[in-house]
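*Asks:* Numbering (the working numbering), first residue to last: 3 to 486. Ideal Cβ placement from N, Cα and C applies to all residues, glycine included.
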Amino acid sequence: MSIDIPSISLTNIGPLITLSVAGLLLLLVDAFSIKGVKKGHFHQIALTAVLIALVQTVWLWDRQGADFSRMIYVDNFSFYFYVVFLIGTGISVALSIRYMEEYHKSCGEYYALMLFAAVGMMLLAAGGNLVTIFLGVEVLSIPIYILSGMFREEAKSNEAALKYLLLGGFSSAFLLFGMAMLYGGTGTMYLADLAKVIKSGGMNPLTYLGLGLLVVGFGFKVSLVPFHMWTPDVYEGAPTSITAFMSVGTKAAAFAAFLRVFMEVFPSVRMDWDMLLWVVAVATMTIGNVTALAQTNIKRMLAYSSIAHAGYILVGLVAGNQLGGIGILYYLLAYTLMNLGAFGVVILVSRKKDSCLNIYDYSGVGFQYPGMALLMSVFMFSLVGMPPTAGFIGKFYIFSAAVEAGYIWLVIIGVLNSLISVYYYLRIIVIMYMYPAEADLGPVPLNATMTTTLVFSAIAVLAIGIFPNSIYNLALSSVKILGI
3 MSIDIPSISL TNIGPLITLS VAGLLLLLVD AFSIKGVKKG HFHQIALTAV
53 LIALVQTVWL WDRQGADFSR MIYVDNFSFY FYVVFLIGTG ISVALSIRYM
103 EEYHKSCGEY YALMLFAAVG MMLLAAGGNL VTIFLGVEVL SIPIYILSGM
153 FREEAKSNEA ALKYLLLGGF SSAFLLFGMA MLYGGTGTMY LADLAKVIKS
203 GGMNPLTYLG LGLLVVGFGF KVSLVPFHMW TPDVYEGAPT SITAFMSVGT
253 KAAAFAAFLR VFMEVFPSVR MDWDMLLWVV AVATMTIGNV TALAQTNIKR
303 MLAYSSIAHA GYILVGLVAG NQLGGIGILY YLLAYTLMNL GAFGVVILVS
353 RKKDSCLNIY DYSGVGFQYP GMALLMSVFM FSLVGMPPTA GFIGKFYIFS
403 AAVEAGYIWL VIIGVLNSLI SVYYYLRIIV IMYMYPAEAD LGPVPLNATM
453 TTTLVFSAIA VLAIGIFPNS IYNLALSSVK ILGI
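(1) Name the DSSP beta bridge partners of residue 363, please?
(2) Contact defined as beta carbons within less than 8 Å: I believe residue 246 pairs with residue 143. What is the distance between those atoms, to the nearest angstrom?
(3) Does the segment 107 to 125 touch the segment 208 to 222, meaning 3 or more C-beta pairs lie closer than 8 Å?
(4) Out of 323, 209, 372 and 426, which has the shortest C-alpha to C-alpha gap to residue 306?
(5) Candidates 418, 58, 420 and 277: which alpha carbon is nearest residue 18's?
(6) Under the rule that 16 or more other beta-carbon atoms within 10 Å means buried, what is residue 98, buried or exposed?
(7) Quick check on this structure: which residue in 159, 402, 290 and 340 has the alpha carbon closest to the alpha carbon of residue 238?
(8) Check the DSSP bridge columns for residue 129 and list the partner residues they point to.
(9) Can you tell me whether residue 39 is buried or exposed, with buried defined as 16 or more other CB within 10 angstroms of its CB?
(10) Where does residue 206 fall in DSSP's three states?
(11) Report the start-end ranges of each alpha helix (DSSP H) in the segment 313 to 398 that is 4 residues or longer and not cut off at the edges.
(12) Round the Cβ separation of residue 87 and residue 254 to the nearest angstrom and send it over; I've been treating them as touching at under 8 Å.
(13) Taking DSSP as the reference, what is the three-state secondary structure of residue 69?
(14) Which partner residues does residue 192 have in the DSSP bridge list?
(15) When the Cα atoms are used, what is the spatial distance from residue 201 to residue 265?
(16) Who does residue 475 pair with in a DSSP beta bridge?
(17) Report the three-state DSSP secondary structure of residue 14 (helix, strand or coil).
(18) From residue 169 to residue 316, what does the alpha carbon distance come to, in whole angstroms?
(19) Contact defined as beta carbons within less than 8 Å: I believe residue 422 pairs with residue 382. What is the distance between those atoms, to the nearest angstrom?
(20) Counting along the chain, where does the alpha helix (DSSP H) carrying residue 412 start and finish?
(21) For residue 375, which residues in the same chain have their Cβ closer than 6 Å to its Cβ, ignoring the five residues on either side in sequence?
(22) Alpha helix (DSSP H) containing residue 154: first to last residue?
(23) How is residue 299 classed by DSSP in three states: helix, strand or coil?
(24) Quick check: what's the CA-CA separation for residue 16 versus residue 55?
(25) Using the Cβ count rule (16 or more neighbours within 10 Å means buried), how would you classify residue 34?
(26) Can you look up residue 38 in the DSSP assignment and give me helix, strand or coil?
(27) How big is the Cα-Cα spacing for residue 140 and residue 222?
(28) Excluding sequence positions up to five away, which residues of its chain have a Cβ less than 7 Å from the Cβ of residue 210?
(29) Check the C-beta distance from residue 127 over to residue 83 and give it rounded, since I have them as a contact under 8 Å.
(30) Mapping DSSP to helix, strand and coil, what is residue 123?
(31) Going by Cα to Cα distance, which pick from 454, 45 and 111 is closest to residue 26?
(32) Compare the C-alpha of residue 122 against each of 100, 74 and 157 and name the closest.
(33) Quick one: grab the DSSP three-state call for residue 242.
(34) Within 10 angstroms of the Cβ of residue 295, are there 16 or more other Cβ atoms? Answer buried if so, exposed if not.
(35) Mark residue 371 as exposed unless 16 or more other C-beta atoms lie within 10 angstroms of its C-beta, in which case mark it buried.
(36) What does the Cβ neighbour count give for residue 227, buried or exposed, with the cut at 16 atoms within 10 Å?
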C-alpha cells in the first residue's frame with residue numbers, strides 16, 4: 003500500500019511561519035523571564051517579525067498557483083493583502099507601545115496574539131478551500147476576543163470581549179453552516195471546483211441557502227447592516243490600540259475572503275446576489291453615517307464611521323468589474339493607513355485609562371499641539387474623501403466602477419452619504435482649531451517609534467493619494483487572478 007504525500011513548499015507560506023514562530027517565541031520569552039525583571043522588548047521582536055514577513059512577501063510576488071493540496075492559493079491577490087495586513091499589524095504594534103506603558107503592562111502574550119491574528123488574516127486571504135477560510139476566521143477571531151478583554155480590571159473591556167465572543171460565535175456558526183450547505187449542494191469545498199460545479203449545473207436550494215449564510219457570516223465580520231450591532235460597543239470597550247487593530251485588520255481580511263469567494267465561485271449567478279448586496283450597501287452607508295452624527299465619544303464615532311466605510315467598499319463588490327476589484331484593494335490599504343493614524347492620535351489625546359475620549363476633549367489641541375492636530379486633520383480629510391488624499395482616490399475608483407457597471411443610483415446615494423460624513427469628521431478639526439481649550443492637556447509623552455509611525459501614516463495617505471499609479475498597478479495585477 004503506497005501513500006501519496008503531496009509536495010509542499012514551506013517558502014510559499016514563509017510569512018505565516020515567521021509570524022507564528024515569533025508569536026511562540028514571545029510566549030516563551032515571557033514565560034521564562036525572571037520574575038520582577040522589566041520586560042520591554044516584546045514589541046521589538048514583533049516589529050522584527052513583521053518586517054521579515056514583509057520582505058518574504060515582496061520576494062514571493064508574481065508567484066502563481068496553489069499549494070498544500072490546493073488548500074492555499076499562492077498568487078498576487080494573497081500577497082497584496084499580506085502587505086496590507088503586515089502594514090496594519092506593524093503600525094498597531096507601534097501604537098501599542100506607549101498605550102501599554104500607560105497601563106503599566108508589558109505582556110508578551112499581547113504582541114503574540116496580534117501576530118497570531120495576522121496569521122489568521124493571511125489564511126483568509128489565501129484560502130483555496132472553505133475549510134482553510136474557516137480556519138482563518140477562527141485563528142483571527144480567537145486572539146481578538148482575548149485582546150478585547152486584555153484589561154480584566156476594566157468593566158468595559160470585559161463587556162466588549164463577552165459581546166464580541168458571543169456575536170462572533172454566532173457569525174462563525176452562520177459561516178460554517180453556509181459552507182456545509184455549499185458542500186451538500188456541490189460535493190466539494192475547493193473554490194475552483196465549486197465554481198465549475200455551479201457554472202455547469204446551476205444553483206440548487208442548498209447552494210442558495212449556503213450563499214445567503216455566507217453573506218450573513220461575512221457581514222458580521224465586516225460590520226454590514228443589519229449585522230453591525232456589536233461594533234460600537236466592542237470598539238468603545240476594547241483597549242484603543244486593539245480597537246485600531248481590529249478596525250482595519252478584521253475588515254480587510256473578511257473583505258479579502260468575501261471578494262475571492264464571490265468573484266471566483268459565484269460569478270455565473272451574479273444577478274442572484276448583487277441586488278441583495280446593493281440594498282445592504284445602501285443601508286450600511288446610511289445607518290453608519292447618520293448614527294455617527296450623534297456620537298460624542300470619538301471611539302464610537304469611528305466605529306460607526308467604520309460601518310459606513312464597509313458600505314462604500316461593498317459598492318465595489320456590487321459593481322463586480324475589474325475597476326471595482328481594484329477600488330476595493332486600494333481602498334482597504336488607504337483605510338488601513340488613515341484609520342490607524344486617526345486612532346494613533348486618539349491614543350495620544352486619551353491619556354491613561356482612556357479618560358479623554360469625548361470629542362470636546364480635542365478643544366484647543368490645534369494650538370497646544372499643532373503637529374498632532376495637523377496629523378489628525380490629514381486623517382480626517384482622508385476619511386471624508388477629500389483630494390489629494392488616498393481616501394478620495396479610493397472612493398473615486400469604487401464609485402467609477404459602479405457607474406461603469408450601471409449602478410448610477412447607488413453612486414448617488416454613496417456621494418450623498420459622503421456629504422453627510424463631512425459634518426462629523428470636520429467637526430473634529432473645527433473643535434481642535436476653533437474651540438478654546440477646556441483644560442491644559444499637559445505634556446504628551448511622545449516617543450520616536452510612535453512619532454515616526456504617525457508621520458509615516460500621514461505621508462503615505464498623501465503620497466498614494468497624489469501618486470496612486472503604483473498601488474493601482476499592484477491592485478490590477480492582483481485582481482486579474484480572479485478573472486475580472
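*Replies:* So, from the listed chains and residues:
(1) Numbered from 1 along the sequence shown, position 361 holds the residue referred to as residue 363. None; residue 363 has no bridge partner.
(2) Position 244 of the sequence shown, counting from 1, holds the residue named residue 246. Position 141 of the sequence shown, counting from 1, holds the residue named residue 143. With a Cβ gap of about 17 Å, residue 246 and residue 143 do not count as contacting.
(3) no
(4) Residue mapping note: residue 306 aligns to position 304 of the sequence shown, counting from 1. Of 323, 209, 372 and 426, the residue nearest in Cα terms is 426.
(5) Translated into the one-based positions of the sequence shown, residue 18 becomes position 16. It is 58.
(6) The sequence position of residue 98 within the sequence shown is 96, counting from 1. Buried.
(7) Position 236 of the sequence shown, counting from 1, holds the residue named residue 238. Nearest C-alpha to residue 238: 159.
(8) Mapped onto the sequence shown, residue 129 falls at position 127. Its beta-bridge partners are 74.
(9) For the purposes of this step, residue 39 is identified with residue 37 of the sequence shown, where counting begins at 1. The predicted model places residue 39 with a pLDDT of 49, which falls under 50 and marks its position as unreliable; any figure quoted below should be read in that light. It counts as exposed.
(10) The residue given as residue 206 occupies position 204 in the sequence shown. In the structure shown, residue 206 sits in coil (DSSP, three-state: anything other than H, G, I, E or B).
(11) 324 to 352, 367 to 370 and 372 to 386
(12) Within the sequence shown, residue 87 is the residue found at index 85, counting from 1. Within the sequence shown, residue 254 is the residue found at index 252, counting from 1. With 8 Å as the limit, residue 87 and residue 254 qualify as a contact, their Cβ atoms being about 7 Å apart.
(13) Working through the sequence shown from its first residue, we reach residue 69 at position 67. The answer is strand: DSSP assigns residue 69 an E or B state.
(14) As a working mapping, residue 192 is identified with position 190 in the sequence shown. Looking at the DSSP assignment, residue 192 forms a beta bridge with 131.
(15) Here residue 201 refers to the residue found at position 199 when the sequence shown is read from its first residue. Here residue 265 refers to the residue found at position 263 when the sequence shown is read from its first residue. Roughly 12 Å separates the two Cα atoms.
(16) As a first step, residue 475 is located in the sequence shown; it is residue number 473 there, counting from the start. Beta-bridge pairing links residue 475 to no other residue.
(17) Locating residue 14 in the sequence shown gives position 12, counting from the first residue. Looking at residue 14 - three-state DSSP - the assignment turns out to be helix.
(18) The sequence position of residue 169 within the sequence shown is 167, counting from 1. The sequence position of residue 316 within the sequence shown is 314, counting from 1. Taking the straight line from one Cα to the other gives about 21 Å.
(19) Here residue 422 is taken as the residue at index 420 of the sequence shown, counted from 1. Here residue 382 is taken as the residue at index 380 of the sequence shown, counted from 1. Actually they do not touch by this definition, with Cβ atoms about 15 Å apart.
(20) In the sequence shown, counting from the first residue as 1, residue 412 sits at position 410. Looking at the DSSP string, the run of the alpha helix (DSSP H) that includes residue 412 is 410 to 436.
(21) Taking the first residue of the sequence shown as position 1, residue 375 is located at position 373. These residues qualify, in order along the chain: 367, 368 and 434.
(22) Locating residue 154 in the sequence shown gives position 152, where the first residue counts as 1. Where residue 154 is concerned, there is no enclosing alpha helix (DSSP H), given that its DSSP letter is neither H nor E.
(23) Stepping through the sequence shown from its first residue, residue 299 is reached at position 297. DSSP places residue 299 in strand when its eight states are reduced to three.
(24) Within the sequence shown, the letter at position 14 stands for residue 16. Within the sequence shown, the letter at position 53 stands for residue 55. Distance between the alpha carbons of residue 16 and residue 55: 7 Å.
(25) What you label residue 34 is simply residue 32 of the sequence shown in a count that begins at 1. It counts as exposed.
(26) Locating residue 38 in the sequence shown gives position 36, where the first residue counts as 1. Below a pLDDT of 50, predicted positions are generally treated as unreliable, and residue 38, at 49, falls in that range; the measurement from the model is reported next regardless. Correct three-state label for residue 38: coil.
(27) The count along the sequence shown starts at 1 and reaches residue 140 at position 138. The count along the sequence shown starts at 1 and reaches residue 222 at position 220. Their backbone Cα atoms lie some 14 Å apart in a straight line.
(28) Numbered from its first residue, the sequence shown carries residue 210 at position 208. Counting only Cβ-Cβ distances below 7 Å, and skipping sequence neighbours, we find nothing.
(29) Here residue 127 corresponds to residue number 125 of the sequence shown, with the count starting at 1. Here residue 83 corresponds to residue number 81 of the sequence shown, with the count starting at 1. Residue 127 to residue 83, Cβ: 4 Å. Contact.
(30) Residue 123 sits at position 121 when you count from the first residue of the sequence shown. In the structure shown, residue 123 sits in a helix (DSSP, three-state: H, G or I).
(31) Here residue 26 refers to the residue found at position 24 of the sequence shown. If we check each option's Cα against that of residue 26, 111 comes out closest.
(32) Locating residue 122 in the sequence shown gives position 120, where the first residue counts as 1. Selected option, being the one with the closest Cα: 74.
(33) Translated into the one-based positions of the sequence shown, residue 242 becomes position 240. The answer is helix: DSSP assigns residue 242 an H, G or I state.
(34) Numbered from its first residue, the sequence shown carries residue 295 at position 293. Looking at its Cβ environment, which holds fewer than 16 other Cβ atoms inside 10 Å, residue 295 is exposed.
(35) Locating residue 371 in the sequence shown gives position 369, counting from the first residue. With 16 or more other Cβ atoms within 10 Å, it is buried.
(36) Working through the sequence shown from its first residue, we reach residue 227 at position 225. Buried, by the Cβ-count rule.
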